[in-house]
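Chains as they are written, first to last, in full-length UniProt numbering: chain W, 1 to 220; chain D, 1 to 220.
Protein chains: 2
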Amino acid sequence: MTDESPKPGLRDRKRAATRARIEAAAIELVLRDGIEAATVDAISERADISARTFFNYFESKDAAILGLQPQALDEDDLAEPLAAADHLDPIQAVVGLVVATMGVAHDGNTDLHQQRIEIMRRHPEVVTSQFAQLNARKNRLVDHVRQILARGGRFADDAELSGRATIVLALCASAVRAAVETWVETANASAPTDSDAPDEVDLIQQRALSLITSTLKELL
Amino acid sequence: MTDESPKPGLRDRKRAATRARIEAAAIELVLRDGIEAATVDAISERADISARTFFNYFESKDAAILGLQPQALDEDDLAEPLAAADHLDPIQAVVGLVVATMGVAHDGNTDLHQQRIEIMRRHPEVVTSQFAQLNARKNRLVDHVRQILARGGRFADDAELSGRATIVLALCASAVRAAVETWVETANASAPTDSDAPDEVDLIQQRALSLITSTLKELL
DNA sequence: TTGCATGACTGCAATCTTGCGGTACCGTAG
DNA sequence: CTACGGTACCGCAAGATTGCAGTCATGCAA
Chain W
1 MTDESPKPGL
11 RDRKRAATRA
21 RIEAAAIELV
31 LRDGIEAATV
41 DAISERADIS
51 ARTFFNYFES
61 KDAAILGLQP
71 QALDEDDLAE
81 PLAAADHLDP
91 IQAVVGLVVA
101 TMGVAHDGNT
111 DLHQQRIEIM
121 RRHPEVVTSQ
131 FAQLNARKNR
141 LVDHVRQILA
151 RGGRFADDAE
161 LSGRATIVLA
171 LCASAVRAAV
181 ETWVETANAS
191 APTDSDAPDE
201 VDLIQQRALS
211 LITSTLKELL
Chain D
1 MTDESPKPGL
11 RDRKRAATRA
21 RIEAAAIELV
31 LRDGIEAATV
41 DAISERADIS
51 ARTFFNYFES
61 KDAAILGLQP
71 QALDEDDLAE
81 PLAAADHLDP
91 IQAVVGLVVA
101 TMGVAHDGNT
111 DLHQQRIEIM
121 RRHPEVVTSQ
131 FAQLNARKNR
141 LVDHVRQILA
151 RGGRFADDAE
161 LSGRATIVLA
171 LCASAVRAAV
181 ETWVETANAS
191 APTDSDAPDE
201 VDLIQQRALS
211 LITSTLKELL
């Protein structure tokens, strides 16, 4: 939407275009034929690429449907919250890491966004399947969280500490999950969102955060 | 090993035998060639069945390697802990459900058991991949846990309640996971277990339970 | 003993996903 | 303008998994 980089070069422009074509094709086909009938081959054909290239752009069919970036999660992404963690209480520190890692991203495209919401309503499995990725991401944090917990010095042996860290992260992942799922359910009942919900994603984010902090308060 | 049912009928005996053959073949091949080289086709061939039949006995290659039953999880399995839940405090009630659902089963065959431990040491991914199943199982409990939590009457709105239930169950699943994983890690360091560890599985079980209860105490 | 309903086993085809190797194209240094 | 390094794309094949439909064995009733 904004014009941060005026012209990223032909290569990148083409790549972005292809990516957009895949996302659009995926959404259209899923909405039209259902999620089973929308095969990778079909989506790829509609996007004018080979099936092989499809997986060059998205990690999985589901990721393409939801438009999820590969989310490389370099150490860079963690640098800032980790630095901040030093002078925060454990709860805020953990929350910072989680937000940096598991944040529900969404680009500016409202059309696609609305259609994806519709897809999640019709096919809750896609959402579910993405939590696996979220869990994987979680594992990269366990060491950091362990250090944060260690600072508190409340957990004696190493196993206890590791267990706690794992549990705390699972809790965060589940909070995100629970927030998304209850939102999908309730949204299911009400009419398809028109314009009165400017940013449902933010609402999910908030709900998850509130769940997380309220639960962490009792754990840390 | 014991003689509970004298003769379950030819059909069932054959089925059990086939199952055992698959388990043995899977373990042998994995230990000999590594987990990648031990394809479903290879295992099936060695067990004298078709690849299709393989998936008739086990939900996945990993399940076969670890010898995991499909774990139908009928309502029957839940009947007893649910009945008991009525007159227990929430913590004990939840623990009862979790044990009934996520228990780490192992049959009496010590040979296979030892070999599986060795496999888990060499290929931690197999273990990891099984937690997906554990998560799936978890979802069937969320309603029951919600009711248990509701009895306490400490959570106002419905969303809060659902969120809590989801989180509590994630916590339990993670505790099991953490227990298994730290065990695999530490076992990694020490020499291959000989005979001094009569029942490592029980140790895991205990460790998980201790983690669960200690954490639940702070949440409920 | 015979016959039928049920469950077991199988081959086949479709899907998703990944690794490998080869070809075409973009950006840029000379 | 041209050659070169790096990407992008592509086809191919293997591997896990599932649905479908046909065949055969088993358990039980007549």
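Quick reminder that beta carbons are idealized off the backbone N, C-alpha and C, glycines included. This structure is a prediction, so every number in the text was calculated from the model and none was measured.
Next on the checklist: Looking at chain W, is there any beta carbon in it that lies within less than 9 Å of the beta carbon of residue 222/D?
Outcome noted: Outside the shown range of chain D (1 to 220) lies residue 222/D, about which nothing can therefore be said.
Item to check | Below-9 Å beta-carbon distance, L211/D vs any chain W residue | outcome: With 9 Å as the cut-off, L211/D counts as an interface residue toward chain W.
Checklist entry - Should L141/D go down as buried or exposed, given a rule of 16 or more other Cβ atoms within 10 Å for buried? => result Burial call: buried.
Next on the checklist: Judging by CA-CA distance, which residue of S129/W, R116/W, R15/W is the nearest neighbour of R32/W?
Outcome noted: Of the listed residues, the one whose Cα sits closest to R32/W is R116/W.
Item to check | Residue of T18/W, R52/W, H87/W, L66/W minimising C-alpha distance to H113/W | outcome: The option with the nearest alpha carbon to H113/W is L66/W.
Checklist entry - Sorted by chain position, which residues of the same chain lie with C-beta nearer than 7 Å to P124/D's C-beta, five sequence neighbours on each side aside? => result Excluding sequence positions up to five before and after P124/D, its CB lies within less than 7 Å of the CB of V184, all in the same chain and listed in chain order.
Next on the checklist: Rounded to whole angstroms, what is the Cα-Cα separation between V126/W and Q133/D?
Outcome noted: The C-alpha of Q133/D is placed about 17 Å away from the C-alpha of V126/W.
Checklist entry - Grouping DSSP H, G and I as helix and E and B as strand, with all else coil, what is I35/W? => result I35/W falls in the coil class under three-state DSSP.
Checklist entry - Taking 9 Å as the CB-CB cut-off, is E218/D touching chain W? => result Yes, its Cβ sits closer than 9 Å to a Cβ of chain W.
Checklist entry - So is E181/D buried or exposed if we call it buried at 16+ other beta carbons inside 10 Å? => result Taking every protein chain shown into account, the CB of E181/D has 16 or more other CB atoms within 10 angstroms, so this residue is buried.
Item to check | Contact set between I167/W and chain D, taken where Cβ atoms lie within less than 8 Å | outcome: In chain order: L171, S174, A175, A178, L211, T215.
Next on the checklist: So S44/D contacts chain W; which residues on that side make the cut at Cβ distance below 9 Å?
Outcome noted: Near S44/D there are no residues of chain W at all, since even the closest Cβ is about 27 Å away, more than 9 Å.
Checklist entry - Would you say the region 151-167 of chain D touches the region 151-167 of chain W, given that touching needs at least three Cβ pairs under 8 Å? => result Contact fails between the region 151-167 of chain D and the region 151-167 of chain W, because fewer than three Cβ pairs, one in each stretch, are under 8 Å apart.
Checklist entry - Relative to the alpha-carbon of R177/W, which residue among V98/W, V94/W, R21/W has its alpha-carbon at the smallest distance? => result It is V98/W.
Item to check | P70/D and E80/D closer than 9 Å at C-beta | outcome: Their beta carbons are not under 9 Å apart, which means P70/D does not touch E80/D by this criterion.
Checklist entry - So, does the CB of A20/D fall closer than 9 Å to a CB anywhere in chain W? => result So, not an interface residue.
Item to check | Listed by chain order, chain D residues near T182/W by CB distance under 9 Å | outcome: Going along chain D in sequence order, the residues near T182/W (Cβ under 9 Å) are D158, A159, S162, G163, T166.
Checklist entry - Does the beta-carbon of N135/W have 16 or more other beta-carbons within 10 angstroms, so that it is buried, or is it exposed? => result With 16 or more other Cβ atoms within 10 Å, it is buried.
Checklist entry - Just how far apart, CA to CA, sit S195/D and L216/W? => result For S195/D, the predicted model reports a pLDDT of 47, less than 50, meaning its position is unreliable; a value from the coordinates is still stated below. C-alpha separation (whole angstroms): 42 Å.
Next on the checklist: For S129/D and D41/D, which I take to be in contact (beta-carbon distance under 8 Å), what is that distance rounded to the nearest angstrom?
Outcome noted: So it is not a contact: roughly 19 Å between Cβ atoms.
Checklist entry - If you run the structure through DSSP and keep just helix, strand and coil, what is G96/W? => result Of the three classes helix, strand and coil, the one that applies to G96/W here is helix, per DSSP.
Checklist entry - Does the beta carbon of A132/W sit closer than 9 Å to a beta carbon anywhere in chain D? => result Yes, its Cβ sits closer than 9 Å to a Cβ of chain D.
Checklist entry - Between V95/W, R15/W, R207/W, which lies nearest to T53/W when the distance is taken from Cα to Cα? => result In terms of Cα proximity to T53/W, the closest of V95/W, R15/W, R207/W is R15/W.
Next on the checklist: Quick check on Q206/D: does DSSP put it in helix, strand or coil?
Outcome noted: Looking at Q206/D - three-state DSSP - the assignment turns out to be helix.
Checklist entry - In chain order, what residues of the same chain have a beta carbon less than 8 Å from the beta carbon of I91/W, not counting five sequence neighbours either side? => result Excluding positions up to five away in sequence, the list reads T213, L216, K217, L220.
Checklist entry - Taking DSSP as the reference, what is the three-state secondary structure of G163/D? => result In this structure, G163/D counts as helix in the three-state DSSP scheme.
Item to check | Enclosing alpha helix (DSSP H) for L149/D [first to last residue] | outcome: From DSSP, the alpha helix (DSSP H) with L149/D extends over 142-152.
Item to check | Segment limits, alpha helix (DSSP H) that includes F55/W | outcome: Note, F55/W: alpha helix (DSSP H), 51-57.
Next on the checklist: Please tell me whether R116/W has its Cβ less than 9 Å away from any Cβ of chain D.
Outcome noted: False, the Cβ-Cβ gap to chain D never drops below 9 Å.
Checklist entry - Cα-Cα, which of I167/W, R151/W, D111/W is closest to D89/W? => result Cα-wise, what sits closest to D89/W is R151/W.
Checklist entry - Taking the C-alpha atoms as reference points, what is the distance between D157/W and D202/W? => result A direct Cα-to-Cα measurement between D157/W and D202/W gives close to 39 Å.
Item to check | Environment of R11/W [buried if 16+ CB atoms lie within 10 Å] | outcome: Under this definition R11/W is an exposed residue.
Checklist entry - So what's S60/D in DSSP terms, helix, strand or just coil? => result Note: S60/D maps to coil in three-state DSSP.
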